[in-house]
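Below is one structure, written out as structure tokens; the observations come after it.
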Amino acid sequence: MSRKRKGFTLTELIVAIGVFAVFLLLFAGIFQAIIQATLLNKQITAKLYAETQLENAFSIIERELRWAGSMAGTLKGIPFVDPDFGEGELSAFEGKGAVPSQDGKTLTIEYAQVAKGILRKFSDFEKYPIVKDKFKERYPDIPATSVFFPYLRATALITGQESYWPKDGENSAPVWVFRANSLEGGFDATLTSWNPESQVFIIRESPESTSPGLYQNTGETELDNFLLTLGYEIPEYPPVFGGIAIGGNRRYFGEMIARTTFSATESKLVMSKYIPTAGGTITQTLFAPIKEEETSFASDSSGSFIRLKLTYLIPDPANPGEHIEFRKERAFWTLGGEE
Amino acid sequence: MGDGKQMKRKAFTVVELVIGFVIVAALIAVAIPAWVKMTSDLNTARLLDSAVQGVLYVLGEARGNSVRPGTYVSRVSLITDENENPTHFAAGVRIQKEGVNKYYVLSKWEIPQAVIQMPLRPLVYDSISIDFEPDGKYYYIFGAWVKEESGKNGSYELLTGEESTTIRIYLTKRGTGTDAPQRVIKVVDGMPSVMQR
């Protein structure tokens, strides 16, 4: 007589399957939550990084646009005394304010910031006998022909001899200046480097010259009546800044004269900055990746603001190879729009 | 009762029991190493991703500071040992202030004690190293990525296009160079990006 093994009842089976299913669901749910949290964390991290880089890019754009068009009239066709090749002209340097292209894919600006001082020459020592006498008394061996004093009264004067001034090899980097005979209207000026021989010259006894000045030696090239010194980004650390080789014959010390182009190209937001005093171009990627077709520069009707719209991408951690899109818009104030 | 109608459930035989144990043992033998490897890989990936984020944070912060008013330079470099060799890297970022300029040093990472004391300690304990290729001292100046010229303290070369910098972050105890688990950041025209593997 055969014996049959007792099987599970249907109820027992359903209960067992039910318990097992609940357990599996819990298990899968926990894993899913962990995976989702990891993916979300990756996405948030990527977005934070992108936002940080974008803010950096906006800081750079803001910094450039702040001076857009400054010295615009003077920059048009300005003569340029090149230390390597002599006098020439800055090709196609027109002193543009912020000029977006027709398709909005590029923004061009040209500017020169003259912020470190305007010097005015005493053309004739004979007109200022007190200055002349004091100068000879103090510097009997220096045959100065003229002295530059600050046009606006100052207690200190940047001479390029300061301990924090950039060094070009063993010597101080040249002070780049605009030379001009007049400061009226869109005056004619020449862009040139000037390496003053002098230390600061001060005659406090004279009512005409309580400000410090710089003297010009006999035999030096006679300069025009006014010198407008171009602003350096004065380095504070390290104390000796030897400049950046940017491809030209000279080095870049941070002179604030440039033609800068921002463009959306090859899925990147790119800044290209031509520095005439260094004879080279700085090209840097400000942000990537972006959607070129959804990136544009536009100026408002007043010309005081430039609006940048862009769509940027971050990797989608849930779908490798795919991207998530974010849109960003920022308005930048500018000194001058298109002239 | 006692009428022979009451049925007893048959117990498993020894053979059945052994077969059952063998099957379970086989499953465990396959599953546990796979699970351990997966956990280890996840931990490795997490450590490297954290390190990458640390480096990206440093680079982003340094670039930002180099263009803000009052600063002009942000140095990004490796701490070196007595022989001028780069030491182990870590996510830790040391920020020193000199005047208004900051500089950032990527240095040895002490893996958190809490991680070391986990049951998987032998699997996650490692150190993370970083190499700059080519070797050198790097800076952000006015937002541009530059390299200090060799033998010319304070003089820099602009790095553009082909002259990119590779920052390789890897687990030191799992191999050297390109065979170790690693992440690669490339700085091209000043923009740091993580290279996809």
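Chains F and H are the protein sequences, given in the same order. Numbers given in my numbering equal positions in the first sequence, counted from 1, plus 41. Numbers given in my numbering equal positions in the second sequence, counted from 1, plus 2. Here a beta-carbon is modelled for each residue, glycine too, at the ideal position from N, C-alpha and C. Computed from a predicted model, the values in this text were never measured in an experiment.
When we look at the beta-carbon of serine 337/F and count the other beta-carbons within 10 Å, is it buried (16 or more) or exposed? buried
Inset, instruction - Below 6 Å CB to CB, which residues in the same chain sit around alanine 221/F once its five sequence neighbours on both sides are set aside? - result: Phe228, Ala230, Asp265 and Phe267
_Same chain, Cβ closer than 7 Å to tryptophan 108/F, neighbours up to 5 away in sequence not counted_ = Tyr152, Gln154, Met297 and Leu376
Rounded to the nearest angstrom, what separates glutamine 325/F and glutamate 128/F at their Cα positions?
30 Å
Query raised in the report: How long is the line joining the alpha carbons of threonine 168/H and tyrosine 192/F, rounded to whole angstroms?
Result: 50 Å
Checklist entry - Under the three-state reduction of DSSP, which class applies to proline 136/H: helix, strand or coil? => result coil
- prompt: What is the DSSP secondary structure of aspartate 83/H, reduced to helix, strand or coil?
  reply: Here aspartate 83/H scores only 48 on pLDDT, less than 50, and its place in the model should not be relied on; the value that follows carries that caveat. Three-state DSSP puts aspartate 83/H in coil, outside helix and strand.
Please report the distance separating the alpha-carbon of asparagine 82/F from that of phenylalanine 121/F. 55 Å
* **Simplified DSSP state of glutamine 184/H, which is helix, strand or coil** => strand
For a cutoff of 8 Å on Cβ pairs, would you count glutamate 135/H as touching chain F? no
Throw me the rounded Cβ distance for the isoleucine 130/H and leucine 173/H pair, which I believe falls under 8 Å. 6 Å
**Item:** Cβ-based burial, tryptophan 206/F [other Cβ within 10 Å; buried from 16]
**Value:** buried
Contacting residues, own chain, Cβ-Cβ under 7 Å from threonine 46/H (five flanking each side not counted)
Leu173 and Pro183
Quiz item: Just by C-beta distance, which residues in the region 135-152 of chain H are closer than 8 Å to chain F?
Solution: Ile143, Phe144, Gly145, Ala146, Trp147, Val148 and Glu151
Practice item. Residues of the region 92-105 of chain F with a CB closer than 7 Å to any CB of chain H: list them in chain order, please. Key: Thr93, Gln94, Glu96, Asn97, Ser100, Ile101 and Arg104
Would glutamine 154/F pass as an interface residue toward chain H - the criterion being a Cβ-Cβ separation below 8 Å? no
Q: For leucine 44/H, count neighbouring C-beta atoms within 10 Å of its own C-beta (all shown protein chains included) and say buried if the count is 16 or more, exposed if not.
A: exposed
Practice task
Name, please, each residue of chain F whose Cβ falls closer than 8 Å to the Cβ of glycine 56/H.
Solution key: In chain order: nothing, as chain F lies at least about 11 Å away.
Helix, strand or coil, according to DSSP, for proline 35/H in the structure here? helix
Practice prompt. Could you tell me which of Ala214/F, Ala139/F and Lys369/F sits nearest to phenylalanine 294/F, measuring between CA atoms?
Written response: Ala214/F
ask   = Of all the CB atoms in chain H, is at least one closer than 8 Å to the CB of valine 281/F?
value = yes
query: When the Cα of lysine 154/H is compared with those of Thr50/F, Ile365/F, Ala57/F and Val281/F, which residue comes out closest?
result: Val281/F
Got a sec: is the Cβ-Cβ distance from glycine 22/H to anything in chain F below 8 Å?
no
Give me the residue from Ile75/F, Ile323/F and Ile71/F with the minimum Cα distance to isoleucine 143/H.
Ile323/F
### Message
Quick check: the region 31-39 of chain H against the region 66-78 of chain F, are at least 3 beta-carbon pairs closer than 8 Å?
### Response
no
query: Does threonine 324/F come within less than 8 Å of chain H when only Cβ atoms are used?
result: yes
(message) Please classify glycine 163/H as buried or exposed, where buried requires at least 16 other C-beta atoms within 10 Å of its C-beta.
(response) exposed
Whose C-alpha, out of Ile347/F, Pro361/F and Ala329/F, is nearest the C-alpha of leucine 354/F?
-> Ala329/F
| Cβ of glutamate 105/F within 8 Å of Cβ of glycine 66/H? | no
Original post:
So, phenylalanine 303/F versus isoleucine 102/F, is the Cβ gap smaller than 8 Å?
Top reply: yes
- Query: Just reading off the beta strand (DSSP E) that lysine 162/F is part of, what are its end residues?
  - Reply: 159-163
TODO: In the DSSP assignment, find the unbroken alpha helix (DSSP H) run with phenylalanine 228/F in it and report its ends.
DONE: Unbroken run through phenylalanine 228/F: none, as it is neither H nor E.
Return no unless some Cβ of chain H is closer than 8 Å to the Cβ of glutamate 307/F. no
**Report entry** Inter-residue spacing [alpha-carbon to alpha-carbon] between arginine 300/F and threonine 41/H
**Finding:** 54 Å
Range covered by the beta strand (DSSP E) that runs through serine 123/F: Correcting the residue type first, residue 123/F is aspartate in the shown sequence and not serine. Here the beta strand (DSSP E) through aspartate 123/F covers 120-123.
- DSSP state of arginine 48/H mapped onto helix, strand, coil: helix
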